[in-house]
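Take a look at the structure below.
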Amino acid sequence: MFLALHEIKYEKLRYSLIIAVISLITFLIFIISALALGLANENTDAINSWQTKSVLLTKDSNGNMGQSLMTPEELDPYTNDKHQAIVGITPTTLKDKNHNESIQFIGLKPDEYIAKELQLNSGKKPTQKNEVLISDKLTHYQIGDKIQLGLDSRKYTISGTVKHAKYNMAPVVYGALSNWSTIKGVNPQYLGSGVISKKDQSLNAVNDNFKVLGKSAYLDKLPGYAAQNSTFAFMIIFLILISLIVVTIFLYILTIQKRPNLAVLRAQGIPNTYLLRNTLGETFIIMSSAIMIGAMFTILVALFIPETVPMYFSLKLSLGVAVGILVTGLIGSLIPIRIISKIDPVSVIGG
1 MFLALHEIKY EKLRYSLIIA VISLITFLIF IISALALGLA NENTDAINSW
51 QTKSVLLTKD SNGNMGQSLM TPEELDPYTN DKHQAIVGIT PTTLKDKNHN
101 ESIQFIGLKP DEYIAKELQL NSGKKPTQKN EVLISDKLTH YQIGDKIQLG
151 LDSRKYTISG TVKHAKYNMA PVVYGALSNW STIKGVNPQY LGSGVISKKD
201 QSLNAVNDNF KVLGKSAYLD KLPGYAAQNS TFAFMIIFLI LISLIVVTIF
251 LYILTIQKRP NLAVLRAQGI PNTYLLRNTL GETFIIMSSA IMIGAMFTIL
301 VALFIPETVP MYFSLKLSLG VAVGILVTGL IGSLIPIRII SKIDPVSVIG
351 G
């Protein structure tokens, strides 16, 4: 490690440039990771707030709760479990005199667990059929405002705002389940879309037309969710691979340039293992410095990113990304290590 530190101190510009390049790649990886997680939360925030473990809906809905239609008779077996809640979900529009917003309306029964456990940001929970709770992201609207929802011509009053209310990229409006069919514009014979359970293995399909999905399977069925996550995952992987290639090329060129010096050290009796450990130490210093600089730059930039940008920083994910970058950097040092291990002091010195 002493030799590595001495080399870095002697060649400040050269090592500063490689650390700067890796720092920028690291910064980009951290930002993309935060954006990927933020967009994922935009899809799943409401689902996570329900403590969802499994979901029941119709088979012909293709896993999309917004396309599932169930009658009171079909939902009756699921009405007496405190760990389950019937929901009616539909994408629709929220309108008032000045604004028009795309939202997800979610109808709930007030005596079931989802409605009871909603986390209010302000106001109060609905006590009347024509009252609704809106996502705290719908900042254009105030408590007491009169709004219209979907195909329903009636006016609804906003009674409060609720946290963690985004579903499939759209802000959520919670209201009475009995209003769902009118807002969606379907036959009143349908009561809801399906059933949410917060307890493992508590849902059973009592009808051949029903299907039970676990949470991860249900999330993968959300329109665009799986494709979005795959895209960001590949972007992050490719950026990590780019950092691997950059480090490998840099260390390879540096090792080739240092071969005469390394040969002299070998001729003086310096063990081969010492030189190999030095290369690993050098790589560790480069990657660790780059990761720390990239992380600090990310924190600084995050302070100026508007709240409208869906970014979420997870310590667990960030540490995982940092470890991944560090490990790939150490892997990149294997080629220079192989070159060093084959150095013949006599042939390089010219003896």
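Numbering (full-length UniProt numbering) for the sequence shown: 1 to 351. Yeah, the Cβ is synthetic: ideal placement off N, Cα and C, and Gly gets one too.
- Using a 10 angstroms sphere on the CB of residue 112, the tally of other CB atoms reaches 16 or more, which defines it as buried.
- Residue pairing by DSSP places residue 114 in no beta bridge whatsoever.
- Look at the segment 209 to 236 and you find these whole runs of beta strand (DSSP E), each 3 residues long or longer: 210 to 214.
- Rounded to the nearest angstrom, the Cβ distance from residue 236 to residue 32 is 6 Å, consistent with a contact under 8 Å.
- One alpha carbon belongs to residue 144, the other to residue 60, and they sit about 39 Å apart.
- Selection 73, 137 and 251 evaluated against residue 280 yields 251 as nearest (Cα-Cα).
- In the three-state reduction of the DSSP assignment, residue 305 falls in the coil class, being assigned neither a helical nor a strand state.
- For residue 161, the uninterrupted beta strand (DSSP E) run begins and ends at 156 to 162, by DSSP.
- The DSSP-derived three-state label of residue 128 is coil.
- Our two residues, residue 40 and residue 229, have alpha carbons roughly 7 Å apart in a direct line.
- When the five nearest sequence neighbours on each side are left out, the beta carbons in the same chain lying within less than 7 Å of the beta carbon of residue 183 are those of 90, 92, 105, 149, 150, 151 and 152, in order along the chain.
- If you compare the alpha carbons of 138, 129, 296 and 97 with that of residue 308, the shortest gap goes to 138.
- Note: residue 94 is bridge-paired with 101 and 149 in the DSSP secondary-structure output.
- The beta carbon of residue 301 sits closer than 8 Å to those of 27 and 31, all from its chain and outside the five residues before and after it, given in chain order.
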